[in-house]
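Its first residue numbered 29, the sequence shown is counted upward by one per residue in our numbering.
Cβ coordinates follow ideal geometry from the N, Cα and C atoms, glycine included.
Following: one structure in structure tokens, then a few remarks.
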Amino acid sequence: MPNRRTVLRTVGATGLLGLGGCTGGDGGKTTDPPPTEPKSSESGATDTPTTPGPIEAVQTEKLADSDGEEYDYFGSAVAVSADGTTAVVGARNDDDQTGSASIFERSGGSWSWSAKLFPEDEAAPVAFGTDVAIGAGGDRVFVSAPSGGGVSVFDRTTDGWARQAVLHPPGDRLAFGRAIAASRDGQSLLVGNPAGDRLTIRYRPDQSVRGSAFVFEFEDSWEAAGTLQADEYGAASNFAFDVALADDGETAIVGAPLRVVVEGEETSNPDDAVASAAVFERSGGSWGRVRTLTARDGTANETFGGAVATDSDASVALVGAPYDEPAGLTRGGVVYAYTGEGFDAETSIVPAGHDADFMFGYALDLSADGTTALLSARGPAGDNGYNAGAAYAFGRAGRDWRELATLVAGDGDRGDYFGRSVATSADGGSVVAGAETDEDPHGEDCGAAYHFALESA
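Below, the structure written as structure tokens:
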């Protein structure tokens, strides 16, 4: 790779490495394209708050595992507490695919390493750290290990962090833990159990099994509390590849990026299937599907549902379709936003400078009030090179979305895949983005994560 690294502050397990802070590669300056236009009905919310922005995305620190090695994929998953002071970063390939997760704490504007978490069996190649979540005001952390290690629940104690439970599926184990989402109080957890663990139109998961999502709840102990399925989703749909949960744990969104419709005992051709995301709600203690989201211009192989997100009260839903081809842009990607009663108002979101192979919508997160969205794209080249990656901050006013800032790594380089994962605090002001194939500071594909503060310009 070209030797064009920018010096920046790095935080690892031994503390601060004492390098100076910097902004992102483009200075975090805002872009100002026209707001995107809704494509659907006029029902639902009609109020139009003040148009958001402008803002500046300021890169404050780079987070790294100080004892990391090549091919750890640190940054494969990230999560941020509601108040933005605790971050969890997964490294799914650490120690020969055993995996790990590192916790960082922010105090007085600076981040420091707090703990490193491992699976229950520290010798098993379970991909621990494939996904992470935070609840209970940053005092409870969830880490998934979809290669057979379940989902570990850690609570903050006076001595650090202690494993309280390891959750396993009450039904067939597929890629259990490929995606997880927690309620804000950390008392409910949604775990995706898809048939496959990869997102690409060339990949077909096991067609003899059917995905599901499981709900777990904590009272005196953790117990399975619901199974989310959709009978017409065929075995190859990859149902529950990604999941999202409202703050109160009562509404769930489940992505099915390779949806295949079952017709009697026959499964339709995966190449002709249209992907979707299913919305479930709990009523009277039971979960039921209340609606299905599909892109109005949806076609086969767009991977709609490969990433999903919702706000605190499930009044806004985001669905990524990174293989979509808007305006004929191959793998350009689109994010679809749904608002209004029954999510009936659909808006298509794309960034300025959108191009082929952006894979926009690869990862998503949304502020608690649903007005700030972080949307990543694995492919943008720009000054950092092909597949360096980027994330985009969008603000919402009513049903209109406006691009506010572009986030890129200050030391980004070709093939870093910055934006492989993104997470934001409840107010949308504290953002962490993973770059799992970054080569600094430990060599090829060691990975890293970056913290940005979104500030008024």
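- Taking C-beta atoms as the reference points, residue 436 and residue 446 count as a pair closer than 8 angstroms.
- Just so you know, the alpha carbons of residue 215 and residue 245 end up roughly 6 angstroms apart.
- In this structure, residue 400 lies away from residue 342, with their beta-carbon atoms at least 8 angstroms apart.
- By the criterion of a C-beta distance shorter than 7 angstroms, residue 202 is surrounded in its chain by 221, 222, 223, 237 and 239, once the five residues flanking it on both sides are discounted.
- A direct Cα-Cα distance of roughly 39 angstroms separates residue 260 from residue 475.
- Cβ contact annotation for residue 175 (same chain, cutoff 7 angstroms, sequence separation greater than five): 153, 154 and 155, in chain order.
- Residue 133 and residue 457 have their alpha carbons spaced roughly 16 angstroms apart.
- Spatial neighbours of residue 192 in its own chain (CB-CB distance under 6 angstroms, excluding positions within 5 residues in sequence) are listed in chain order as 181 and 183.
- Residue 172 sits in a strand when the DSSP states are folded into three classes.
- Going by beta carbons, residue 331 and residue 285 fall inside the 8 angstroms limit.
- In this structure, residue 166 keeps its C-beta atom at 8 angstroms or more from the C-beta atom of residue 130.
- Distance from the CA of residue 314 to the CA of residue 252, rounded to the nearest whole angstrom, comes to 12 angstroms.
- When the Cα atoms are used, residue 336 and residue 84 turn out to be separated by approximately 25 angstroms.
- Counting every other CB atom within 10 Å of its CB across the protein chains shown gives residue 374 a total of 16 or more, marking it as buried.
- Closest by C-alpha distance to residue 451, out of 433, 443 and 403, is 403.
- Remark: C-beta atoms of residue 449 and residue 461 approach each other more closely than 8 angstroms.
- The C-alpha of residue 362 is placed about 9 angstroms away from the C-alpha of residue 390.
- Residue 393 carries a strand assignment under DSSP once its states are collapsed to helix, strand and coil.
- Here residue 310 has 278 as same chain residues with Cβ atoms under 6 angstroms from its own Cβ, once five neighbours each way along the sequence are excluded.
- Annotated three-state conformation of residue 447 is strand, per DSSP.
- Residue 84 carries a strand assignment under DSSP once its states are collapsed to helix, strand and coil.
- Residue pairing of residue 183 in beta bridges, as defined by DSSP: 168 and 190.
- Taking a 10 Å sphere around the C-beta of residue 124, we find fewer than 16 other C-beta atoms and assign the residue as exposed.
- 8 angstroms or more divides the Cβ of residue 194 from the Cβ of residue 116.
- For residue 318, the number of other beta carbons within 10 angstroms of its own is below 16, and it is reported as exposed.
- For the pair residue 269 and residue 283, the CB atoms are nearer than the 8 angstroms cut-off.
- For residue 122, the enclosing alpha helix (DSSP H) stretches over residues 122-125.
- Shortest Cα-Cα distance from residue 369 to any of 359, 427 and 356 involves 427.
- Partner residues in the beta bridge of residue 402, as assigned by DSSP, are 393 and 421.
- It is roughly 6 angstroms from the alpha-carbon of residue 478 to the alpha-carbon of residue 89.
- One thing to note: residue 267 has its Cβ within 8 angstroms of the Cβ of residue 258.
- As the crow flies, the alpha-carbon of residue 163 is around 30 angstroms from that of residue 438.
- For residue 308, the uninterrupted beta strand (DSSP E) segment begins and ends at 304-311.
- Just measuring C-alpha positions, the residue of 303, 186 and 107 sitting nearest residue 159 is 107.
- When DSSP states are grouped into helix, strand and coil, residue 204 belongs to the coil group.
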